[in-house]
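Visitor:
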Amino acid sequence: MSTAVKTQKLTMVQAITDAMATMMREHDNVLVLGEDVGRNGGVFRATDGLQAEFGEKRVIDTPLAESGIIGTSIGLAMNGFRPIAEMQFFGFIYPAFNQIMTHASRIRSRTLGHFTVPMVIRAPFGAGVRAPEIHSDSVEALFTHMPGIKVVVPSNAYDAKGLLIASIEDSDPVLFLEPMRCYRSHKLEVPEEKYTVEIGKGARLQEGEDITLIAWGAMVDVVKKAAKEIEQAEGITCDVLDLRTLYPLDRDLISESVQKTGRGVIVHEAPGTGGVGNDVVSLINDTSFLHLRSPIKRVTGHDTPVPMFAIEDHYLPDAERVKQAIVDTVRF
Amino acid sequence: METQFPMKQILNEDGVVVNSEFENEMTESLTKELYIKMLRARMFDRKGVNLQRQGRIGTYVPFEGQEAAQVGSSLVLEEGDWMFPTYRDHAATLTYGHSARNLFLYWKGYPIGCVPPEGKNIFPPAVPIASQLLHATGTAWAEKMKGTDRGSIVYFGDGATSEGDFHEGLNFASVFNAPVVFFNQNNGFAISVPMEKQMKTKTIAQKAVAYDIPGVRIDGNDIFVVYFETKKAMEHARQGNGPTLIEAVTYRYGAHTTADDPSKYRDQEEAKRRRETTDPLLRLERYMANKGYFEEAWKTQVEEEITREIEQAVEDMEAFGPAEPTDMFTHVFQTPTWSVQDQLDGFKSRIKEEV
Ligand SMILES: Cc1ncc(C[n+]2csc(CCOP(=O)(O)OP(=O)(O)O)c2C)c(N)n1
Numbered sequence: 001m002s003t004a005v006k007t008q009k010l011t012m013v014q015a016i017t018d019a020m021a022t023m024m025r026e027h028d029n030v031l032v033l034g035e036d037v038g039r040n041g042g043v044f045r046a047t048d049g050l051q052a053e054f055g056e057k058r059v060i061d062t063p064l065a066e067s068g069i070i071g072t073s074i075g076l077a078m079n080g081f082r083p084i085a086e087m088q089f090f091g092f093i094y095p096a097f098n099q100i101m102t103h104a105s106r107i108r109s110r111t112l113g114h115f116t117v118p119m120v121i122r123a124p125f126g127a128g129v130r131a132p133e134i135h136s137d138s139v140e141a142l143f144t145h146m147p148g149i150k151v152v153v154p155s156n157a158y159d160a161k162g163l164l165i166a167s168i169e170d171s172d173p174v175l176f177l178e179p180m181r182c183y184r185s186h187k188l189e190v191p192e193e194k195y196t197v198e199i200g201k202g203a204r205l206q207e208g209e210d211i212t213l214i215a216w217g218a219m220v221d222v223v224k225k226a227a228k229e230i231e232q233a234e235g236i237t238c239d240v241l242d243l244r245t246l247y248p249l250d251r252d253l254i255s256e257s258v259q260k261t262g263r264g265v266i267v268h269e270a271p272g273t274g275g276v277g278n279d280v281v282s283l284i285n286d287t288s289f290l291h292l293r294s295p296i297k298r299v300t301g302h303d304t305p306v307p308m309f310a311i312e313d314h315y316l317p318d319a320e321r322v323k324q325a326i327v328d329t330v331r332f
Numbered sequence: 333m334e335t336q337f338p339m340k341q342i343l344n345e346d347g348v349v350v351n352s353e354f355e356n357e358m359t360e361s362l363t364k365e366l367y368i369k370m371l372r373a374r375m376f377d378r379k380g381v382n383l384q385r386q387g388r389i390g391t392y393v394p395f396e397g398q399e400a401a402q403v404g405s406s407l408v409l410e411e412g413d414w415m416f417p418t419y420r421d422h423a424a425t426l427t428y429g430h431s432a433r434n435l436f437l438y439w440k441g442y443p444i445g446c447v448p449p450e451g452k453n454i455f456p457p458a459v460p461i462a463s464q465l466l467h468a469t470g471t472a473w474a475e476k477m478k479g480t481d482r483g484s485i486v487y488f489g490d491g492a493t494s495e496g497d498f499h500e501g502l503n504f505a506s507v508f509n510a511p512v513v514f515f516n517q518n519n520g521f522a523i524s525v526p527m528e529k530q531m532k533t534k535t536i537a538q539k540a541v542a543y544d545i546p547g548v549r550i551d552g553n554d555i556f557v558v559y560f561e562t563k564k565a566m567e568h569a570r571q572g573n574g575p576t577l578i579e580a581v582t583y584r585y586g587a588h589t590t591a592d593d594p595s596k597y598r599d600q601e602e603a604k605r606r607r608e609t610t611d612p613l614l615r616l617e618r619y620m621a622n623k624g625y626f627e628e629a630w631k632t633q634v635e636e637e638i639t640r641e642i643e644q645a646v647e648d649m650e651a652f653g654p655a656e657p658t659d660m661f662t663h664v665f666q667t668p669t670w671s672v673q674d675q676l677d678g679f680k681s682r683i684k685e686e687v
């Protein structure tokens, strides 16, 4: 007999707050720091209420300096704390890039494990919310290219809580990217207690026979819509995967699905060149080449800066582009 | 330290002259020009907030209360000088000659909003905090190497002084003696974080000491002190004497942006009080009235002219037509790479199919 799990209906951003609160209640060494995270509760309210509950020493409004936030978090993490550092927007992580690349990601290997950096960097990211310039950048590939850091991207409330708790518990640095478009787009039943969703494991959202669709973050909803419409219009059924972690990729899930369907379309909003989609294609070549019935296609953002919002919809992949790619692939 | 950087003032809150250093230059015509420019900026700003509320533009970044700091400092620029604003500095860019239409288009999400009028070296608003200080130093350094007497002015907030780029900008400018004016608008807050939590120093001007450049602290709501001190700093730069850091202490009445709720972290009564005490326009009105040349009829006439100008800008913005999506591809490189070209071709054929 299973005991009923108590749940509550939460948006993704509420689930993220809940994950931090859950871990802070359990562990005194978990800290939250960043710009406006304290009194203001974060510009997206992701840290709302945390300072009231845990005080100014654990939920810290820092000076406005990303390199400072990450560099000092590295020191905190090396010396007994588990900092959760918020970047106000992913597009403002660039001043901290040096600290993440040259230190956070390689202190373990440089010291043969003598020092480690168990920290989480949270950042809202992605286009489609009419944010001003630079706020919408989707440059996850810069970080999957960085040895020594894990990259996690939830697309819904349940995964967000479980993945964030797993990230805080991880003994290595984790970049936790929060698609802004998903913050309040839907609510899910989320357990009130602590639980984890394993880093490195994707999710199969839907079973299908003809093609595998692979996405993460805000593109998951786009892909789900395309899959539904193409099934109704053409009778094509899709296996839909939400990768959830971009480094390390879920090799087993991707290859198992592609070996079943023999076809694949990868969808991401970041520019195509150098994008994470290319790693997925390469993984499929390595594991599943002889099962393929057509080349794997990618539907991506363009090799251009994310444009200002009057034209950003023309930048983002939409269900129409995904459906076209599905049809091209199936009829190859 | 604080006592070494006293706040300079020319007009006090009651509009009374407390420092006669520049009294000869405080002519009626200059005074009226400063007043008109500030009123224009304020009316532009209020229009921006209203347009956002009506959903005719996206998120807007208001500056009401900071008119003196921006107008007084930008009015000293000459053709060919360089200006590096942040997202909040429309009063400065408008005063230096940016078109109101393009400023509105910027907040409507149109890339053309970043394009300044021909001959005006106005950079697009810096979105990443403090990054523009180095560009100002670089362009100024270039002017120096080219042997001109032009310079740069760069705007930034109190929060910006925490970023590495602030320190690097000041240091480079100091080392290379670049003709740049670092114009800080200290409005007391970086979104929700008050100055006391941003830094331990009581003034921003004192940070100049570390770079061995002049640091000046001024009342940023007193347009005369802003105008004359910035002019001095710019002349100092033009004459080859290097950079100056100006801290203009000011106040912004409203939210950080139209997407922000200041009641979470700021005393709203303070904003109301400030409108009666430190307001830059009211102060100049009081001075002009004391001088005997402030008349309501004159103000009404000026307001009517400005209203016409701003309404025209809004009309032009709305008549502009849809933004051109292919701009996204055609301006990434001078000659598109094959990947950008392929993507552009694909984009065009998709658009054609849809039609
Ligand atoms: C590098 C970077 N980090 C964070 C942000 C988000 N952000 C925008 S404005 C702002 C506060 C800026 O405060 P201040 O420099 O005092 O200027 P003010 O807006 O008050 O004029 C922050 C944190 C940003 N734009 N750039």
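Residue numbers (our numbering), protein chains in the order written: chain A, 1 to 332; chain B, 333 to 687.
No residue lacks a Cβ here, since even glycine has one placed at the ideal position from N, Cα and C.
Since we're looking at a predicted model, the values are computed, not measured.
I want to verify the contact list: residues of chain B whose CB lies under 8 Å from the CB of A65(A), in sequence order.
Guide: The contacting residues are S494, E495 and G496.
Visitor: Along the chain, where does the alpha helix (DSSP H) containing G68(A) start, and where does it finish?
Guide: Residues E66 to M78.
Visitor: Comparing the CB of I461(B) with every heavy atom of ligand 1, is any distance shorter than 7 Å?
Guide: Answer for I461(B): yes, Cβ within range of ligand 1.
Visitor: Specify whether the region 171-185 of chain A and the region 125-134 of chain A touch according to this definition: at least 3 beta carbon pairs, one from each stretch, less than 8 Å apart.
Guide: Segments in contact, yes.
Visitor: Please state whether the Cβ-Cβ distance between P460(B) and I134(A) is less than 8 Å.
Guide: Going by C-beta atoms, P460(B) is nearer than 8 Å to I134(A).
Visitor: Consider the Cβ of I523(B): report whether some Cβ of chain A lies at a distance smaller than 8 Å.
Guide: For I523(B), the answer is yes, since a Cβ of chain A falls inside 8 Å of its Cβ.
Visitor: Less than 7 Å between the CB of T300(A) and some heavy atom of ligand 1, yes or no?
Guide: Not so, every heavy atom of ligand 1 lies at least 7 Å from the Cβ.
Visitor: Using only the alpha-carbon positions, how far apart do G387(B) and T590(B) sit?
Guide: Each residue's alpha carbon lies about 11 Å from the other.
Visitor: Is the CB of V646(B) under 8 Å away from at least one CB in chain A?
Guide: Output row for V646(B): interface = no.
Visitor: Since I believe I121(A) is in contact with L175(A) (beta carbons under 8 Å), could you give me their beta-carbon distance rounded to a whole number of angstroms?
Guide: So it is a contact: roughly 5 Å between Cβ atoms.
Visitor: Quick check: is the beta carbon of Y247(A) nearer than 8 Å to any beta carbon in chain B?
Guide: Answer no: the Cβ-Cβ gap between Y247(A) and chain B never drops below 8 Å.
Visitor: What residue ranges within the region 460-533 of chain B form continuous beta strand (DSSP E) runs of no fewer than 3 residues, ordered along the chain?
Guide: Listed in chain order, the complete beta strand (DSSP E) runs (minimum 3 residues) inside the region 460-533 of chain B are 484-489 and 512-518.
Visitor: Would you report the Cα separation of D313(A) and T609(B), rounded to the nearest angstrom?
Guide: If I take the Cα positions, the gap works out to 46 Å.
Visitor: Given that a residue counts as buried once 16 or more other Cβ atoms are within 10 Å of its Cβ, and exposed if not, what is V13(A)?
Guide: V13(A) comes out buried.
Visitor: Could you tell me whether the region 271-281 of chain A touches the region 616-635 of chain B, using the rule of 3 or more Cβ pairs below 8 Å?
Guide: With the cut-off at 8 Å, the region 271-281 of chain A and the region 616-635 of chain B do not touch.
Visitor: Alpha carbon to alpha carbon, how far is Q384(B) from G390(B)?
Guide: Roughly 6 Å between the two C-alpha positions.
Visitor: Report the residue from L316(A), K297(A) and R263(A) whose alpha carbon sits nearest the alpha carbon of L290(A).
Guide: It is R263(A) whose Cα lies nearest to the Cα of L290(A).
Visitor: For the region 290-318 of chain A, enumerate the residues whose C-beta is nearer than 8 Å to any C-beta of chain B, in chain order.
Guide: Here the close residues are H302, D303, T304, P305, P307, M308, F309, A310, I311, E312, H314 and Y315.
Visitor: Below 8 Å on C-beta distance, what does Y302(B) contact in chain A?
Guide: Lying before the first or after the last residue shown, residue 302(B) is absent from chain B, which here runs from 333 to 687.
Visitor: At a cut-off of 7 Å, would you count I545(B) as near ligand 1, judging by its Cβ distance to the nearest heavy atom?
Guide: No, Cβ of I545(B) sits at least 7 Å from all heavy atoms of ligand 1.
Visitor: Taking 7 Å as the cut-off, is the beta-carbon of T590(B) closer than that to any non-hydrogen atom of ligand 1?
Guide: Answer for T590(B): no, Cβ out of range of ligand 1.
Visitor: Enumerate in chain order the residues of its own chain whose CB-to-CB distance from P338(B) is below 8 Å, with the five nearest sequence positions on each side excluded.
Guide: The residues are R549.
Visitor: With a threshold of 7 Å, establish whether the CB of Q292(B) neighbours any heavy atom of ligand 1.
Guide: With chain B covering 333 to 687 only, the question about residue 292(B) has no answer from this structure.
Visitor: Counting only Cβ pairs nearer than 8 Å, list the residues of chain B close to Y94(A).
Guide: Per Cβ cutoff of 8 Å: P460.
Visitor: Can you list the alpha helix (DSSP H) stretches of 4 or more residues lying completely in the region 227-278 of chain A, in chain order?
Guide: As far as the region 227-278 of chain A is concerned, its whole alpha helix (DSSP H) runs of at least 4 residues are 251-261.
Visitor: Which word fits R25(A), buried or exposed, when buried means at least 16 other C-beta atoms lie within 10 angstroms of its C-beta?
Guide: With fewer than 16 other Cβ atoms within 10 Å, it is exposed.
Visitor: Quick one: which chain A residues come within Cβ less than 8 Å of K596(B)?
Guide: Near K596(B) (Cβ distances below 8 Å), the residues of chain A are R39, N40 and G41.
Visitor: Flag M660(B) as yes if its beta-carbon sits less than 8 Å from any beta-carbon of chain A, otherwise no.
Guide: With 8 Å as the cut-off, M660(B) counts as an interface residue toward chain A.
Visitor: So P337(A) contacts chain B; which residues on that side make the cut at Cβ distance below 9 Å?
Guide: Residue 337(A) lies beyond the residue range present for chain A, which begins at 1 and ends at 332; the question has no answer from this structure.
Visitor: Beta-carbon of D36(A) versus every beta-carbon of chain C: anything under 8 Å?
Guide: The chain labelled as chain C is not found among the protein chains of the depicted structure, namely A and B.
Visitor: Beta carbon of Q88(A): closer than 7 Å to some heavy atom of ligand 1?
Guide: Yes, the Cβ of Q88(A) comes within 7 Å of a heavy atom of ligand 1.
Visitor: Would P328(B) be called buried (16 or more neighbouring beta carbons within 10 Å of its own) or exposed?
Guide: The requested residue 328(B) does not occur in the structure, where chain B is confined to residues 333 to 687.
Visitor: For a contact meaning CB atoms closer than 7 Å, what does T273(A) contact in chain B?
Guide: Chain B residues near T273(A): S671.
Visitor: Quick one: does the C-beta of A468(B) sit closer than 7 Å to a heavy atom of ligand 1?
Guide: Answer for A468(B): no, Cβ out of range of ligand 1.
Visitor: Who are the neighbours of G277(A) on chain B, taking C-beta pairs under 9 Å?
Guide: Neighbours of G277(A) on chain B: none; closest Cβ ~14 Å, over 9 Å.
Visitor: How long is the line joining the alpha carbons of V664(B) and R420(B), rounded to whole angstroms?
Guide: When rounded, the distance between both Cα atoms is 26 Å.
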